[in-house]
Amino acid sequence: MSDSRARRPEGRPSGGNHIQNLKLKLLVLLIVCALPLFGSVSMWLHGISLVPLAAYGVVSVLAFFMYWADKRKARTDAWRTPENILHAVELAGGWPGALIAQQVFRHKTRKVSFQILFWVIVVLHQVFWIDQLFLGSNLLTLF
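Here my numbering is used: the first residue of the sequence shown is 2, the next is one more, and so on.
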């Protein structure tokens, strides 16, 4: 069947690009982006480095377009982007763009194993910035 409605899972809305629970998802995005944004801007303003701020922006845009391309390929049964590549881009700082793309394209949102690793990556970034901002960069010395 080539009719996309025949392949749509039950319970999914059939209209365009509607994002369910948009206000809640925007709140989650703001919360998880707060520490990395504050930390990156702080590093830049203190003359330490612009790299984290630039990396989050550039790699997030890259992640967004990788998700878009993967979703297009999924619809046409073409060769897909391997999940480990998507996760590597998220780990490199692209998780904000990936999070937005997941919701905009409704891509990779139902695969539990993918979501678990995605959120582990987000938590790792949070822990890194908590360490940088509040613990004096001492967390890595414990290992």
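All C-beta atoms in this analysis are idealised placements derived from N, C-alpha and C, irrespective of residue type, glycine included.
As the crow flies, the alpha-carbon of Val62 is around 15 Å from that of Val52. Sequence-distant partners of Leu100 (beyond 5 residues in either direction) whose C-beta falls short of 7 Å from its own C-beta, in its chain, are Leu30. Distances from the CA of Ala70 to each of Leu118, Ile86 and Gly58 were compared; the closest alpha carbon is that of Ile86. CA-to-CA, the gap between Ala93 and Ala64 works out to about 10 Å. Only exposed fits Ile32, as fewer than 16 other CB atoms lie within 10 angstroms of its CB. When the beta-carbon positions are compared, Ile20 and Gln103 stay at least 8 Å from each other.
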